[in-house]
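Engineer: There's a structure below that I have some questions on.
Put into structure tokens, the structure is as follows:
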């Protein structure tokens, strides 16, 4: 599933201030998670037990959360938890077999972070204890989307699903909502008998529909990987350890599209060590799912916008699978360090795609990533172009974008090229083993990199060069610019056609990938007449494309250039998808073209009820920027 101030090494420790030039201590701590209220230095959660009823009529989860906690600070008597729009009915402390009620209160609401819940421990509470919290969620939960039957593929059954990353787990479970804390969990979920519940846990493909489902996750995970979905799901196998859950209407198409999942899993194990999570299954959700995929362990949540019919968009599956090592096994300690998850996963995704498909395809994807990254560099200040910037007051849902993903990948490819693929693979395998089931910061990674690669005799990369990648703006001068002969050709043809040197009918796309079409569209000159847009649209049927990524690229251009003839189809596209990456930039382009801000708001108002709260937030933030 994006921005704040540059660090040059570990942190900026001192600043000068005031007219007397006295040194003022800057207490910024790069290892601290600034997006949690939880007092994790005093208490740590080790296990979570959930007992929840799923109430579709009230759009609520209702029941109990039991947090098994351990005191770290002997004098601490107040536990602080993260919540958002939760109603707490009661809190009890269970220790040494004795239960006692606990006083609790809410702190001040925060627009992004929710509301702290303060729990006062009774005198004499042991260092190991359980918090038993009775509560229910709100229909406004930022993690949960409740879908009526008409917004599902089958149109007969309701559905609910969660999206906990980055700080949304607190809107359906009261807990220490920070990636720095890893917990095991178990759950009992009660639903209507016609529906199936699945979680980021041990789903059994043979589970009967009973209306009551039990789950266990024995490996410790961070809170953002807590996941629940309830719907009319059916299962199909993809291999010995892989399969798909989705509505029956999408099952055949999903099986075809993601048929290579088992091969990806087998290859990843060969490259990076054992897969530690049992099964690897996919859950294909309705179009309103806000991301391309979410790496919930054992069960990745997937957007149906990947169902292109030609397996051209399955790199997302490789990405979510790779998270089983990078992110799920070794986790960023704070959201500022998210590149350790996303950049490393993007690197692994490319490596898998090279083998499963071919290098030329991956080269195309690298070029498109590079181009989007350059656009991000243009939009943000230099301090926020760092992989690990100073981060205190941003929204973790909107932080970093392609910088974490693409710049992170290019950094690791830089290291691979410098040390050789074999040596770098050995480094990564050892890294995953060393930090398995742990959380780390950028500084810990750099120290490990230094000790195991950079400090070796004859090392071609210095610590200073690695720090330039992680703390510096843009890309270093010695970074390699990705190239693709296929995309070079499509760009040349775009310019030749725009100049009138060739006819659109003379351009054959028989051997083109969707990436080549995307690159062609992005290569069109800014001054292209609208008549040429109409010509291209008529020849290639772009406004009615079934490929969601081509549609995204095309409709950004449609909105930017005000090609109004396609506005009706653009709105159809915005109604068809809810994935933030696909639609937020289109709304943003429409809102920012100088003429259509109100039209963009009107289109959004008509589609809003079908979007996940996270996507709604992204779009509204774009409108706010356009209105300034």
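In our numbering, the protein residues as written are 1231 to 1858.
Backbone N, C-alpha and C define an ideal beta-carbon position, used for all residues, glycine too.
1. Measure the Cβ-Cβ separation of residue 1432 and residue 1528 and say whether it is below 8 Å.
2. Let me check understanding here. Comparing Cα to Cα, which of 1783, 1728 and 1643 lies closest to residue 1757?
3. Note down, one range per segment and in chain order, each beta strand (DSSP E) of at least 3 residues found wholly within the region 1264 to 1290.
4. Looking at C-beta atoms only, is the number of pairs between the region 1278 to 1288 and the region 1312 to 1328 that lie closer than 8 Å three or more?
5. Mind checking who residue 1523 pairs with in its DSSP beta bridge?
6. Whose C-alpha, out of 1388, 1374 and 1263, is nearest the C-alpha of residue 1399?
7. Using 10 angstroms around the beta-carbon of residue 1712, count the other beta-carbons present and answer buried if the total reaches 16, otherwise exposed.
8. Are the Cβ atoms of residue 1359 and residue 1323 separated by less than 8 Å?
9. Please state whether the Cβ-Cβ distance between residue 1556 and residue 1639 is less than 8 Å.
10. Output the boundary residues of the beta strand (DSSP E) element that contains residue 1449.
11. My parser needs the beta strand (DSSP E) runs of 3 or more residues fully inside the region 1453 to 1523; what are they?
12. What do you reckon, are the CB atoms on residue 1268 and residue 1407 nearer than 8 Å?
13. Distance check for residue 1748 and residue 1783, CA to CA, integer angstroms please.
14. In the DSSP assignment, the alpha helix (DSSP H) including residue 1827 goes from what residue to what residue?
15. Got a sec? Which residues, its chain only, sit under 7 Å from residue 1846 by beta carbon, not counting five neighbours each side?
16. So, using beta-carbon positions, are residue 1404 and residue 1290 closer together than 8 Å?
17. Please confirm whether residue 1503 and residue 1662 have their CB atoms less than 8 Å apart.
18. Rank 1617, 1625 and 1382 by C-alpha distance to the C-alpha of residue 1675 and give the top, closest one.
19. Taking contact to mean 3 or more Cβ pairs, one atom from each stretch, closer than 8 Å, check whether the region 1697 to 1706 and the region 1579 to 1591 are in contact.
20. Look at the alpha carbon of residue 1794 and the alpha carbon of residue 1764, and state the distance between them as a whole number of angstroms.
21. Of the residues 1389, 1455 and 1424, which one's Cα is nearest the Cα of residue 1415?
22. Please look up how many angstroms separate the CB atoms of residue 1390 and residue 1377, rounded, as I've assumed it's under 8 Å.
23. Taking all protein chains shown into account, do 16 or more other C-beta atoms lie within 10 angstroms of the C-beta of residue 1536, making it buried, or fewer, making it exposed?
24. Helix, strand or coil: which one does DSSP assign to residue 1420?
25. When the Cα atoms are used, what is the spatial distance from residue 1319 to residue 1337?
26. Spatial neighbours of residue 1567 within its chain, please: C-beta separation below 7 Å, excluding the five flanking residues on both sides.
27. Considering only their Cβ atoms, is the gap separating residue 1517 from residue 1807 smaller than 8 Å?
28. Can the beta-carbon of residue 1546 be found closer than 8 Å to that of residue 1487?
29. Relative to the C-alpha of residue 1714, which residue among 1842, 1449 and 1591 is closest?
30. Residue 1513 and residue 1475 - do their beta-carbons sit closer together than 8 Å?
31. If you draw a straight line from the alpha carbon of residue 1822 to that of residue 1549, how long is it in whole angstroms?
32. Per DSSP, which residues does residue 1325 bridge with? Please list them.
33. For residue 1500, which option in 1698, 1852, 1659 and 1833 has the closest C-alpha, if you only look at C-alpha atoms?
34. Verify whether the separation of the beta carbon atoms of residue 1572 and residue 1635 is less than 8 Å.
35. Can you give me the Cβ contacts of residue 1741 inside the same chain, cut-off strictly under 8 Å, excluding the 5 residues immediately before and after it?
36. Among 1457, 1538 and 1448, which one has its Cα closest to the Cα of residue 1419?
Structural biologist: On the basis of the data shown:
1. Position 202 of the chain shown, counting from 1, holds the residue named residue 1432. Position 298 of the chain shown, counting from 1, holds the residue named residue 1528. In this structure, residue 1432 sits near residue 1528, with a CB-CB distance shorter than 8 Å.
2. The residue you call residue 1757 lines up with position 527 of the chain shown. Considering only 1783, 1728 and 1643, the residue with the shortest C-alpha distance to residue 1757 is 1728.
3. If one requires a minimum length of 3 residues, the beta strand (DSSP E) runs lying completely within the region 1264 to 1290 are 1273 to 1285, in chain order.
4. In this structure the region 1278 to 1288 does not touch the region 1312 to 1328; the number of beta carbon pairs closer than 8 Å is below three.
5. Taking the chain shown and counting its residues from 1, the one referred to as residue 1523 is at position 293. Answer by DSSP bridge pairing, in chain order: 1532.
6. For the purposes of this step, residue 1399 is taken as residue 169 along the chain shown, with counting starting at 1. The shortest Cα separation from residue 1399 among 1388, 1374 and 1263 belongs to 1374.
7. As a first step, residue 1712 must be located in the chain shown, where it is residue number 482. The residue in question, residue 1712, is buried, as its Cβ has 16 or more Cβ neighbours within 10 Å.
8. The residue labelled residue 1359 in the question sits at position 129 within the chain shown. The residue labelled residue 1323 in the question sits at position 93 within the chain shown. Taking the C-beta atoms as reference points, residue 1323 is found nearer than 8 Å to residue 1359.
9. Locating residue 1556 in the chain shown gives position 326, where the first residue counts as 1. Locating residue 1639 in the chain shown gives position 409, where the first residue counts as 1. No, these two residues do not count as a Cβ contact at 8 Å.
10. For this step, residue 1449 is matched to residue 219 along the chain shown. From DSSP, the beta strand (DSSP E) with residue 1449 extends over 1442 to 1452.
11. Runs of the beta strand (DSSP E) inside the region 1453 to 1523: 1458 to 1461, 1464 to 1467, 1472 to 1476 and 1510 to 1514.
12. As a working mapping, residue 1268 is identified with position 38 in the chain shown. As a working mapping, residue 1407 is identified with position 177 in the chain shown. Using a Cβ distance threshold of 8 Å, residue 1268 and residue 1407 count as a contacting pair.
13. Position 553 of the chain shown, counted from the start, is the residue given in the question as residue 1783. Position 518 of the chain shown, counted from the start, is the residue given in the question as residue 1748. Taking the straight line from one Cα to the other gives about 6 Å.
14. Position 597 of the chain shown, counted from the first residue, corresponds to residue 1827. Start and end: 1827 to 1837.
15. Taking the first residue of the chain shown as 1, we reach residue 1846 at position 616. Hits under 7 Å: 1838.
16. As a working note, residue 1404 is residue 174 in the chain shown. As a working note, residue 1290 is residue 60 in the chain shown. Contact: no.
17. Residue 1503 sits at position 273 when you count from the first residue of the chain shown. Residue 1662 sits at position 432 when you count from the first residue of the chain shown. A contact, by the Cβ cut-off of 8 Å.
18. Translated into positions along the chain shown, residue 1675 becomes position 445. Checked all of 1617, 1625 and 1382; the closest Cα to residue 1675 is 1617.
19. Too few Cβ pairs lie closer than 8 Å, so no.
20. The count along the chain shown starts at 1 and reaches residue 1794 at position 564. The count along the chain shown starts at 1 and reaches residue 1764 at position 534. Distance between residue 1794 and residue 1764, taken at the CA atoms: about 10 Å.
21. Here the question's residue 1415 lines up with position 185 in the chain shown. The option with the nearest alpha carbon to residue 1415 is 1455.
22. Residue mapping note: residue 1390 aligns to position 160 of the chain shown, counting from 1. Residue mapping note: residue 1377 aligns to position 147 of the chain shown, counting from 1. Taking C-beta atoms under 8 Å as the contact rule, residue 1390 and residue 1377 qualify, at a distance of about 7 Å.
23. Here the question's residue 1536 lines up with position 306 in the chain shown. Burial check for residue 1536: the Cβ neighbour count within 10 Å reaches 16 or more, so the residue is buried.
24. Here the question's residue 1420 lines up with position 190 in the chain shown. In the structure shown, the three-state DSSP call for residue 1420 is strand.
25. Locating residue 1319 in the chain shown gives position 89, where the first residue counts as 1. Locating residue 1337 in the chain shown gives position 107, where the first residue counts as 1. Put simply, the backbone Cα of residue 1319 is about 16 Å away from that of residue 1337.
26. Numbered from its first residue, the chain shown carries residue 1567 at position 337. Result list for residue 1567: 1618, 1671 and 1672, in chain order.
27. Numbered from 1 along the chain shown, position 577 holds the residue referred to as residue 1807. Numbered from 1 along the chain shown, position 287 holds the residue referred to as residue 1517. A contact, by the Cβ cut-off of 8 Å.
28. On the chain shown, position 316 is the one that residue 1546 refers to. On the chain shown, position 257 is the one that residue 1487 refers to. The answer is no: Cβ separation not under 8 Å.
29. By one-based count along the chain shown, residue 1714 stands at place 484. Of the candidates 1842, 1449 and 1591, the one whose C-alpha sits nearest the C-alpha of residue 1714 is 1591.
30. To locate residue 1475, count along the chain shown from 1; it is residue 245. To locate residue 1513, count along the chain shown from 1; it is residue 283. A Cβ-Cβ contact shorter than 8 Å links residue 1475 with residue 1513.
31. Taking the first residue of the chain shown as 1, we reach residue 1822 at position 592. Taking the first residue of the chain shown as 1, we reach residue 1549 at position 319. A straight-line Cα-Cα distance of about 32 Å links residue 1822 and residue 1549.
32. If you number the chain shown from 1, residue 1325 lands on position 95. Answer by DSSP bridge pairing, in chain order: 1328.
33. As a working mapping, residue 1500 is identified with position 270 in the chain shown. Checked all of 1698, 1852, 1659 and 1833; the closest Cα to residue 1500 is 1659.
34. Here residue 1572 refers to the residue found at position 342 of the chain shown. Here residue 1635 refers to the residue found at position 405 of the chain shown. Going by beta carbons, residue 1572 and residue 1635 fall inside the 8 Å limit.
35. As a first step, residue 1741 is located in the chain shown; it is residue number 511 there, counting from the start. Take residue 1741, set aside five residues on each side of it, and no residue of its chain has a beta-carbon closer than 8 Å to its own.
36. Along the chain shown, read from residue 1 onward, the residue named residue 1419 stands at position 189. Selected option, being the one with the closest Cα: 1457.
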